[in-house]
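Throughout the sequence shown, residue numbering follows the UniProt record's numbering, covering 1 to 238 in sequence. Below is one structure, written out as structure tokens; comments come after it.
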Amino acid sequence: MKKLLTTTLSVILFAFATKAQIQIGIKQGVNFSNFAYVISDETAQFYDNFDVKGSAGFHLGGSMNYRFTDQIGLQVEMMYSQQGARFDLVEIVYFNQDVYLVEYELKRRMNYLNFPFMLNYQTLSGLNFEGGFGLGFLLSSKDAYKTETNIAELFFNNPQLNEFIGIRDQDSKEVHYSAELYFALGVGYQLPSGLNFGMRWMTGIGNSLDESSDLYIEGEMLINKLLQFSIGFPIYGN
1 MKKLLTTTLS VILFAFATKA QIQIGIKQGV NFSNFAYVIS DETAQFYDNF DVKGSAGFHL
61 GGSMNYRFTD QIGLQVEMMY SQQGARFDLV EIVYFNQDVY LVEYELKRRM NYLNFPFMLN
121 YQTLSGLNFE GGFGLGFLLS SKDAYKTETN IAELFFNNPQ LNEFIGIRDQ DSKEVHYSAE
181 LYFALGVGYQ LPSGLNFGMR WMTGIGNSLD ESSDLYIEGE MLINKLLQFS IGFPIYGN
């Protein structure tokens, strides 16, 4: 990590020393995020079905592009990013020596502050390609549960208890590392005015789940996946 930051800083200082062209802009767009999730055998025994599906969000932030030449540059960004995924679950619940199936949906909504460092190559036609790494800092993570199953009626045959017995929303930030490294590739197009459009694919490097957490279950792995579609425009330089 220290080596990556040192290298990036050296490149930026070199850009200033060589009087590279600098463009500062604003960037925003939509996110389509998902998890590559591996469930442990210990957890799997409690579920009849465990399905992970994608979630939509948005990103917004600023960018600085250092052009070494007309074709080659380094883009550094600071981006607020909504991420997460949805779990469709059927849990096996053992109660009073009986077995029940409880179907519910869990949405994990995560907010990151991402710092991508992208080397890019721009053709004369305006088409550009990029690749690099980034560092993401987890701002918050919340789990929202929703179930059509009347849990109180199922277990106690008393639907009036349902306001007291059920699944509540909860904070899940402590389950994850506070920061993670990711790899990114992208393609885009820039108009002569500086208005630009881009598509970027990002994937976390390593397990996002904090293995030192008391809530971590041995064998589980979660990797953030993200597809972004962006539009940006310059506020300085062109």
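The beta-carbon is built from N, C-alpha and C at its ideal position, and this holds for glycine as well.
Check, Outcome
"Where does E220 sit, in a helix, a strand or coil, going by DSSP?", "coil"
"With 16 as the cutoff for other CB atoms within 10 Å, does G186 come out buried or exposed?", "buried"
"In angstroms, rounded to a whole number, what distance separates the CA positions of G188 and F129?", "6 Å"
"Does at least one heavy atom of the ligand COA sit under 7 Å from the Cβ of I72?", "Absent from the structure shown: the ligand COA. Ligands present: none."
"Leaving out five residues before and five after A85 in sequence, what residues of the same chain have Cβ atoms less than 7 Å from its Cβ?", "S33, N34, F35, V52, K53, G54, S55, R108"
"Give the straight-line distance between the Cα atoms of S141 and L124, rounded to the nearest whole angstrom.", "42 Å"
"Would you mind sorting G219 into buried or exposed? The rule is 16 or more other CB atoms within 10 Å of its CB.", "exposed"
"Return the bridge partner residues of S208 from the DSSP annotation.", "S208 is not bridged to any residue."
"Taking the alpha-carbon positions, what's the G62 to I26 distance?", "4 Å"
"Less than 8 Å between C-beta atoms, sequence neighbours within five positions excluded: which residues of the same chain meet that for Y216?", "V175, L209, D210"
"If you draw a straight line from the alpha carbon of I235 to that of G131, how long is it in whole angstroms?", "23 Å"
"Between the alpha carbons of L191 and N31, how many angstroms are there, rounded?", "23 Å"
"Going by the beta-carbon positions, is the gap between Q82 and N120 smaller than 8 Å?", "no"
"Cβ of Q28 within 8 Å of Cβ of L60?", "yes"
"Within the same chain, show all residues whose beta-carbon is closer than 8 Å to that of L101, passing over the 5 residues directly before and after it, in chain order.", "D48, V90, E91, I92, V93"
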